[in-house]
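Chemist: Below you will find the structure I want to go over with you.
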Amino acid sequence: MKFRIELEEAVSIMEENVQEIDETEDILLEKACGRVLYEDIYAPISNPPFDRSPLDGYALIAEDTKNASRDNPVTLKVIDEVFAGGYSEKVLNHKEAIRIMTGAKLPEGCDCVIKQENTDEGMEAVKIYEELKKHDNYCFMGEDVQKNTLLMKKGELLNYIHIGILSGMGYDKIKVKRKIKAALLVTGDEVCVPGKPLKEGKIYDSNMHVFSARLRELGIEVVECEVLGDDYKVVGDKIKSVINETDIVLTTGGVSVGKKDILHEALPYIGAEILYWKVNLKPGTPAMFSLYGGKPILSLSGNPFASLATFELLARPVLGKISGDMRINTKRVIAIMDSDFNKSSKVRRFIRGYYESGIVKLNNGKHSSGILSSMIGCNALIDIKQGTEKLKIGDKVNVILI
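Going by UniProt numbering, the first residue of the sequence shown is number 1, and it counts up by one from there.
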């Protein structure tokens, strides 16, 4: 087991000891938004699948409208009427027109469409008030998408536009990467489940809801979510019972050095291999990473902000590696401080901030590891190097976007 290591080494150890899950599932298109496409998609048809009218009017032959105007209209015989979803079996000849509606298939023989506003809207014969050119108001087959065009690449994150395009191509199901499955276990005798009366000396749990929501937000399926006490056998047995159903187990609490920090007993009890314990950063120093049955177990501090910070710094990279979707990983940028931070940092420290357009501001709330409320309105962690005396307005800093 490695002890008190740097953040980058901790991430490297985790990434070296997990494998990408390369499994698929076929799901209904209506449930595919936010999922990762598993295969290249080529257009099975052209869209539109036929030449069509972009407006309500009359399909005709442009040559027949020569010199037409309101003062000198051209009269054509109306031989049919076509609505969207239908088609005409008649072939258009000179001096003829077919009444047509928006989206309807253009009849054979026509080469343009005139807006109904530029006619007298006649039913048996129609007066044309405008001269047209070939292919005026004419939508060609495949104008949006040609058959066999590469529409989407494997690995794309599907959004509502993708869903619309796929639906327009006739898809009702799609092959996507299987979601990563996680179990979330919260330890601590002091923790009370929300909704129950709060007894003396107890606190309501926030970690379970913070991380189950965050995991789902990142596209991870939470298959087990439970608040446990401080009995190492109960915790160990629970890990054993869920390990085969999951790709990763996340725990909070029980990783420091107190009498009730039972992960040190629970993991050896089930035969898990602890690869590291403690990372040189604050908050969240006592993070621990283990393997059991080839599956990763990431154990974080029970303090709300400490666990949140180390989730962003440690859990997201390993989840990105397992899922094969590195968009899950955090993004780092350089920013300019818009606030002073006057506390010295003997160890590497991460504090809350708000990043926008290259500028990062400190949150006005407290920066204690046990306080979660001051994360409201924050979207970044400011990475303060070990040994930094203080930060001043205008200083350049590394920022992790969350």
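C-beta: ideal position from N, C-alpha, C; glycine also.
Quick one: what does DSSP say Arg4 is sitting in, helix, strand or coil?
Modeler: Three-state DSSP puts Arg4 in a strand.
Chemist: Counting pairs of beta carbons, one from the stretch 318 to 337 and one from the stretch 234 to 253, are three or more of them closer than 8 Å?
Modeler: With the cut-off at 8 Å, the stretch 318 to 337 and the stretch 234 to 253 touch.
Chemist: In the DSSP assignment, what are the bridge partners of Cys225?
Modeler: Looking at the DSSP assignment, Cys225 forms a beta bridge with Leu184.
Chemist: Identify every residue that forms a DSSP beta bridge with Lys337.
Modeler: It should be noted that the sequence gives Met, not Lys, for residue 337. DSSP lists Val360 as partners of Met337.
Chemist: Ordered along the chain, which non-local residues of its own chain (more than five positions away) have a Cβ less than 6 Å from that of Thr388?
Modeler: Closer than 6 Å at Cβ, skipping near neighbours: Ser345.
Chemist: Please work out which residues of its chain come closer than 8 Å, Cβ to Cβ, to Val234, disregarding the five sequence neighbours upstream and downstream, and give them in chain order.
Modeler: Excluding sequence neighbours, Val234 sits near Leu228.
Chemist: Bridge partners of residue 429, per DSSP?
Modeler: In the structure as shown, the chain starts at 1 and stops at 402, and residue 429 therefore has no counterpart that could be examined.
Chemist: Based on the DSSP output, what are the partners of Cys192 in its beta bridges?
Modeler: Per DSSP, Tyr204.
Chemist: If you draw a straight line from the C-alpha of Phe140 to the C-alpha of Ile174, how long is it?
Modeler: Between Phe140 and Ile174, the C-alpha separation is close to 28 Å.
Chemist: Which residue comes first and which comes last in the beta strand (DSSP E) that contains Ala380?
Modeler: It spans 380 to 384 - the beta strand (DSSP E) in which Ala380 sits, taken as one unbroken run.
Chemist: How far does the alpha helix (DSSP H) with Ile270 in it extend, from its first residue to its last?
Modeler: Note, Ile270: alpha helix (DSSP H), 263 to 270.
Chemist: So, do the stretch 160 to 171 and the stretch 22 to 35 have three or more beta carbon pairs nearer to each other than 8 Å?
Modeler: Yes, the stretch 160 to 171 is in contact with the stretch 22 to 35.
Chemist: Considering only their Cβ atoms, is the gap separating Ala183 from Leu215 smaller than 7 Å?
Modeler: No.
Chemist: One question on the structure: do Pro286 and Val255 come within less than 7 Å of each other, judged by their Cβ atoms?
Modeler: Yes, these two residues count as a Cβ contact at 7 Å.
Chemist: Report yes if the CB atom of Ala10 is closer than 7 Å to the CB atom of Val399, and no otherwise.
Modeler: Cβ distance not < 7 Å, so Ala10 and Val399 don't count as in contact.
Chemist: Just the Cα atoms here: how many angstroms apart are Phe211 and Asn379?
Modeler: For Phe211 and Asn379, the distance between alpha carbons rounds to 16 Å.
Chemist: Could you give the first and the last residue of the continuous beta strand (DSSP E) run that contains Lys134?
Modeler: Note, Lys134: premise wrong, no beta strand (DSSP E); not H, not E.
Chemist: Taking buried to mean at least 16 other C-beta atoms within 10 Å of its own C-beta, is Arg327 buried or exposed?
Modeler: That one is exposed.
Chemist: Quick one: what does DSSP say His276 is sitting in, helix, strand or coil?
Modeler: The question names His, but residue 276 is Tyr in the sequence shown. If DSSP states are grouped into helix, strand and coil, Tyr276 belongs with the strands.
Chemist: Sort Phe311, Gly219, Ser301, Tyr129 by Cα distance to Arg178 and report the nearest one.
Modeler: Comparing Cα-Cα distances from Arg178 to each of Phe311, Gly219, Ser301, Tyr129, the minimum goes to Gly219.
Chemist: Could you check whether Ser301 and Met288 sit closer than 7 Å to each other, using their CB atoms as the reference points?
Modeler: Not in contact: Met288 and Ser301 (Cβ atoms no closer than 7 Å).
Chemist: Only counting the same chain, and skipping five residues up and downstream in sequence, which positions put a Cβ closer than 6 Å to that of Glu6?
Modeler: Excluding residues within five positions, the ones whose Cβ falls inside 6 Å are Asn280.
Chemist: As a quick exercise: from Arg352, Ala59, Leu267, pick the residue whose alpha carbon is nearest that of Gly231.
Modeler: The sequence given here places Asp at residue 231; Gly does not occur at that position. Looking at the Cα atoms, Leu267 is the closest of the given residues.
Chemist: Between Ala104, Ala335, Phe3, Tyr38, which lies nearest to residue 419 when the distance is taken from Cα to Cα?
Modeler: Lying before the first or after the last residue shown, residue 419 is absent from the chain, which here runs from 1 to 402.
Chemist: Using three-state DSSP, classify Ser88 as helix, strand or coil.
Modeler: Reduced to three states, the DSSP call for Ser88 is coil.
Chemist: Tell whether a beta-carbon distance below 7 Å holds between Lys361 and Asp338.
Modeler: A contact, by the Cβ cut-off of 7 Å.
Chemist: What's the C-alpha gap between Pro73 and Leu106?
Modeler: Spanning the two alpha carbons is a distance of roughly 23 Å.
Chemist: Would you mind reading off the limits of the alpha helix (DSSP H) that contains Phe305?
Modeler: 304 to 310 is the span of the alpha helix (DSSP H), which, as asked, contains Phe305.
Chemist: Report the partner residues of Leu314 according to the DSSP bridge assignment.
Modeler: BP columns for Leu314 are empty, so no partner.
Chemist: Expressed to the nearest angstrom, what Euclidean distance is found between the alpha-carbon atoms of residue 418 and Lys282?
Modeler: The shown model of the chain, from 1 to 402, leaves out residue 418, and the question about it has no answer.
Chemist: If we count the other Cβ atoms within 10 Å of its Cβ and call it buried at 16 or more, is residue 403 buried or exposed?
Modeler: Limits of the chain in this structure are 1 at one end and 402 at the other, which puts residue 403 out of reach.
Chemist: Could you give the DSSP three-state label for Lys31: helix, strand or coil?
Modeler: Residue state, collapsed to three classes: helix.
Chemist: Between which two residues does the beta strand (DSSP E) harbouring Val176 extend?
Modeler: Its beta strand (DSSP E) spans residues 173 to 177.
Chemist: Compute the beta-carbon to beta-carbon distance between Leu101 and Val78, rounded to the nearest angstrom, for a pair I have assumed lies under 8 Å.
Modeler: Position check: residue 101 holds Met in this sequence, whereas Leu was assumed. 14 Å between Cβ atoms; not a contact.
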